[in-house]
Amino acid sequence: MLLVLIGAPAAGKSRIGKKLARTLGVPFVDTDTEIVRQHGPISDLFATHGEAHFRTLERVAVEHALTGTGVVAFGGGAVLDPRTQSDIASLPVVLLTVDPSAVAGRLANGKRPLISSIESWQALVDSRRELYESLADFSIDTSHRPTEVIATEIAQWARARRPQKDTL
Ligand SMILES: Nc1ncnc2c1ncn2[C@@H]1O[C@H](COP(=O)(O)OP(=O)(O)OP(=O)(O)O)[C@@H](O)[C@H]1O
Ligand SMILES: O=C(O)C1=C[C@@H](O)[C@@H](O)[C@H](O)C1
Ligand SMILES: [Mg+2]
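What follows is the structure in structure tokens.
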């Protein structure tokens with residue numbers, strides 16, 4: 022099985038993805054984590070080599086993750102690459118959303134080079150909303166509910182659709 026989590030920075034892809042994989046009893050891969058493991062902190066990559074270089078590394082991480090099985094959490098901008106859009110077209114794709122009111126407290130760690138304020142987060146999300154929605158088979162809001170409940174609901178959706186596609 023292969024299921025992909027997409028969505029805005031701080032929507033909860035990494036945290037909920039880990040729980041979802043545990044619930045389904047499958048492996049979990051986070052493309053940001055893989056990039057950091059191989060190349061160092063994302064903020065350093067942006068500062069030293071620029072965003073285009075980061076996107077090249079991200080595309081490699083995405084391609085590799087999609088050769089495996091389980092739950093794959095993408096970085097927030099991974100779906101900007103048309104090759105990635107095409108790669109996930111036939112896979113179950115879950116969009117995590119979050120309200121601006123809930124995201125403020127989640128942006129605290131300062132590790133997101135494209136996000137300097139809630140306004141920059143909002144602008145980035147607005148510019149991507151249509152793309153995120155066009156790629157998703159299922160969408161779930163993470164703003165005000167425990168991650169366990171959200172992971173359980175995604176797992177139920179994934180199990181229910183299993184007969185329709187060969188993955189999951
Ligand atoms: N449902 C939730 N309720 C409360 N806090 C949450 C929830 N989901 C995620 N968080 C918190 O929000 C922060 C961001 O979550 P996470 O890192 O999983 O987001 P992300 O979508 O992976 O972001 P990025 O695109 O930057 O990797 C974390 O501190 C996480 O613990
Ligand atoms: O939304 C984005 O473009 C990003 C989100 C993060 O997950 C990281 O992949 C990086 O900070 C870029
Ligand atoms: Mg993440």
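Here my numbering is used: the first residue of the sequence shown is 22, the next is one more, and so on. Beta carbons: idealized from backbone N, C-alpha and C, even for Gly. From a predicted model like this one, the values you see are computed outputs, not experimental measurements.
Start and end of the alpha helix (DSSP H) containing residue i?
i, result
"V50", "Taken as a continuous stretch (DSSP letters only), V50 belongs to no alpha helix (DSSP H), being part of the beta strand (DSSP E) at F49 to D51."
"S141", "I139 to L156"
"V124", "P121 to V124"
"T77", "E72 to A86"
"L41", "K34 to L45"
List the residues that DSSP assigns as beta-bridge partners of residue i.
i, result
"V18", "Any answer about residue 18 is impossible in this case: the structure gives the chain only from 22 up to 189."
"T173", "Partner(s): none; T173 has no beta bridge."
Does residue i pass the burial test, meaning 16 or more other C-beta atoms within 10 Å, or should it be called exposed?
i, result
"K40", "buried"
"D53", "buried"
"D187", "Per-residue confidence for D187 stands at a pLDDT of 48, beneath the threshold of 50, marking its modelled position as unreliable; the derived number appears in the next sentence. Flag for D187 reads exposed."
"D147", "exposed"
"L45", "buried"
"A68", "exposed"
Between which two residues does the beta strand (DSSP E) harbouring residue i extend?
i, result
"S111", "That residue, S111, is in no beta strand (DSSP E); it is neither H nor E in DSSP."
"S160", "F159 to D162"
> Is it a yes or a no for the segment 49 to 68 touching the segment 107 to 127, going by three-plus beta-carbon pairs under 8 angstroms?
Replying inline: no
> Quick check: the segment 117 to 127 against the segment 151 to 163, are there 3 or more CB pairs under 8 angstroms?
Replying inline: yes
> Quick one: any contact between the segment 25 to 35 and the segment 91 to 99, if contact means 3 or more CB pairs under 8 angstroms?
Replying inline: yes
> Are there three or more Cβ pairs, one per stretch, closer than 8 angstroms when the segment 61 to 68 is compared with the segment 125 to 143?
Replying inline: yes
> So which residues put a beta carbon under 7 angstroms from any heavy atom of ligand 3, going in chain order?
Replying inline: K34, S35, D51, D53, A94 and G96
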